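Going by the UniProt record's numbering, the letters in the sequence shown line up with residues 1 to 330, in that order.
Ideal Cβ placement from N, Cα and C applies to all residues, glycine included.
Computed from a predicted structure; not experimentally measured.
Before any comments, here is the structure.
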Amino acid sequence: MSIDPSMAGRFARTALGHVTQEYPNKLDHVMASDADAQSPRALHPVFFGSFDWHSCVHSWWLLLTIRRIYPDLPEVPQITALADELFTAKNFAVETAYAKRPESRGFERPYGWAWYLKLHLEASQDQAKPWAQHMEPLARQFATGWRDYLKALAYPIRTGAHFNTAFAMRLSLDWAEVFDPALARLIGDSAMSWFEGQRDVRPIEPSGDDFLSGTLTVAQLMRKVGRVPFAEWLDGYLPDLAQGHPACLFDPVVPRDRSDGKMAHLDGFNISRAWSWIEIGKAANLPPRDGPPEIALYNASIDQIDQDYMSSHWLASFALLTILAYEERH
Numbered sequence: 001m002s003i004d005p006s007m008a009g010r011f012a013r014t015a016l017g018h019v020t021q022e023y024p025n026k027l028d029h030v031m032a033s034d035a036d037a038q039s040p041r042a043l044h045p046v047f048f049g050s051f052d053w054h055s056c057v058h059s060w061w062l063l064l065t066i067r068r069i070y071p072d073l074p075e076v077p078q079i080t081a082l083a084d085e086l087f088t089a090k091n092f093a094v095e096t097a098y099a100k101r102p103e104s105r106g107f108e109r110p111y112g113w114a115w116y117l118k119l120h121l122e123a124s125q126d127q128a129k130p131w132a133q134h135m136e137p138l139a140r141q142f143a144t145g146w147r148d149y150l151k152a153l154a155y156p157i158r159t160g161a162h163f164n165t166a167f168a169m170r171l172s173l174d175w176a177e178v179f180d181p182a183l184a185r186l187i188g189d190s191a192m193s194w195f196e197g198q199r200d201v202r203p204i205e206p207s208g209d210d211f212l213s214g215t216l217t218v219a220q221l222m223r224k225v226g227r228v229p230f231a232e233w234l235d236g237y238l239p240d241l242a243q244g245h246p247a248c249l250f251d252p253v254v255p256r257d258r259s260d261g262k263m264a265h266l267d268g269f270n271i272s273r274a275w276s277w278i279e280i281g282k283a284a285n286l287p288p289r290d291g292p293p294e295i296a297l298y299n300a301s302i303d304q305i306d307q308d309y310m311s312s313h314w315l316a317s318f319a320l321l322t323i324l325a326y327e328e329r330h
């Protein structure tokens with residue numbers, strides 16, 4: 001599990017092939033009048049590709065991350081030129097104005113918010129480009145959205161798809177710890193309120209279109225928040241891990257129809273659980289197996305990153321997230 005130049009180039013070529021592919025497109029768009037019936041590119045002059053807004057965002061995170069890791073990669077000039085073309089102050093002003101519409105209160109909440117903050121954090125690593133400066137107003141808008149949302153949300157959403165609360169909180173913390181410590185504290189407070197007392201959970205996963213483990217994302221978040229002894233908390237949360245249970249957290253799954261966008265999510269379920277296990281780490285005290293669970297889960301789906309478009313428009317981002325976590329831990 002590594003991001004060598006060959007794999008990085010494969011990821012980059014895959015993302016470059018769709019970040020400007022406008023159609024097919026699945027909009028998250030509430031219309032207030034006939035005037036709002038516009039094309040994806042008119043509504044979103046930056047993130048109009050990759051089938052949907054959030055996939056375009058995290059595909060750009062992938063591209064900028066690869067550009068930073070391997071600046072001499074043959075695909076880097078194309079990444080840079082395309083970012084210069086799209087990441088303008090004018091284009092991001094349109095994206096920000098869209099997010100501020102009254103009808104956009106729930107736009108991409110919270111999954112797209114989290115990935116956008118992750119993208120802004122990555123863009124901020126390049127001081128030579130104005131990209132992060134142009135992105136920041138929208139990042140701040142989503143941070144404000146997070147504050148309002150967390151204060152109003154009575155219960156966390158535990159689904160294994162886009163509305164999952166713990167996943168988005170975990171991803172957003174990376175940005176908040178750098179740009180908004182008050183938001184980081186609020187995310188931590190919310191995590192403690194909802195999850196500190198969780199004991200002996202009995203997950204039944206996955207549902208038919210999950211790409212996240214609702215169980216493991218909570219554990220990742222609690223480790224990231226770091227306010228309780230994690231190994232002790234995890235032992236109470238999932239007390240049977242030492243016996244290899246529940247198996248649904250370990251066993252790879254196989255989609256029956258990868259051309260169906262929802263069913264194709266299951267490849268993401270494999271790879272995102274690999275990321276989860278890497279972040280949870282040795283605190284899990286797992287029983288001896290053929291190898292670390294993240295390896296089997298990752299290997300089960302990594303070949304799908306550039307196959308059917310229903311996977312290729314998003315799956316490589318999760319693969320890169322997983323690889324980077326693995327390299328950091330090893």
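* To do: Between the Cα of W275 and those of L321, G17, A152, spot the shortest distance and give me the residue it belongs to.
  => L321
* Chain-order list of residues whose beta-carbon lies under 7 Å from that of P239 (same chain, five-residue window excluded) -> D200
* Asked: Does DSSP classify W314 as helix, strand or coil?
  -> coil
* Contained alpha helix (DSSP H) runs [length at least 4] in the segment 26-109, N- to C-terminal order -> 40-43, 53-69, 76-86, 89-99
* Asked: Which residues in the same chain have their Cβ closer than 6 Å to the Cβ of W194, if we skip the five residues on either side of it in sequence?
  -> P156
* Report buried or exposed for P255, applying the criterion of at least 16 other Cβ atoms within 10 angstroms of its Cβ. => buried
* Under 8 Å between C-beta atoms of S213 and L171 -> no
* Asked: In whole angstroms, what is the alpha-carbon distance linking H245 and A184?
  -> 32 Å
* My understanding is that W277 touches E294, with C-beta atoms under 8 Å, so please give their C-beta distance in whole angstroms. => 4 Å
* If we ignore side chains and look at the alpha-carbon of each, how far apart do G188 and V225 end up? -> 6 Å
* Terminal residues of the alpha helix (DSSP H) in which Y237 lies -> 230-237
* **Cutoff 7 Å; reference Y116; Cβ partners in own chain excluding five residues on either side** => V57, L138, A139, F142
* **Residue span of the alpha helix (DSSP H) that contains R258, given as start and end** => Looking at the DSSP string, R258 is not in any alpha helix (DSSP H), and its letter there is neither H nor E.
* Do you know how far the Cα of L119 is from the Cα of K26? -> 21 Å
* To do: Flag this pair as yes or no: are the beta carbons of E85 and F48 separated by less than 8 Å?
  => no
* Have a look at S207 and A128 and give me their C-alpha separation to the nearest angstrom. => 44 Å
* **8 Å Cβ cutoff, A81 in contact with chain D** => This model lacks chain D altogether; it includes just one protein chain.
* For H134, which of I3, A300, V46, F51 has the nearest alpha-carbon? -> V46
* To do: Give the straight-line distance between the Cα atoms of W233 and S259, rounded to the nearest whole angstrom.
  => 40 Å
* **Stretch pair the segment 32-42 + the segment 76-85: three plus CB contacts closer than 8 Å** => no
* **Where L157 falls: helix, strand or coil (DSSP)** => For the sequence presented, residue 157 should be read as Ile rather than Leu. Coil, per DSSP.
* **Residue burial classification, A132 (beta-carbon count within 10 angstroms, cutoff 16)** => buried
* Asked: Roughly how far, in whole angstroms, is the beta-carbon of E327 from the beta-carbon of S2, given that I think they are within contact range, below 8 Å?
  -> 7 Å
* **Cβ neighbours of S104 in the same chain (closer than 8 Å, five flanking residues each side left out)** => V30, Y98
* From S59 to S33, what does the alpha carbon distance come to, in whole angstroms? -> 31 Å
* By Cβ distance, which residues of its chain are closer than 8 Å to A242, with the 5 residues on each side in sequence left out? -> N285, L286, P287
* Asked: Out of curiosity, what's the CA-to-CA distance linking A176 and L324?
  -> 19 Å
* How many angstroms separate the CA atom of E136 from the CA atom of L121? -> 9 Å
* To do: Starting from the N-terminal side, write out each stretch of the alpha helix (DSSP H) that is 4 residues or longer and does not extend beyond the segment 271-309.
  => 293-301
* To do: Identify whether K262 lies in helix, strand or coil by the three-state DSSP scheme.
  => coil
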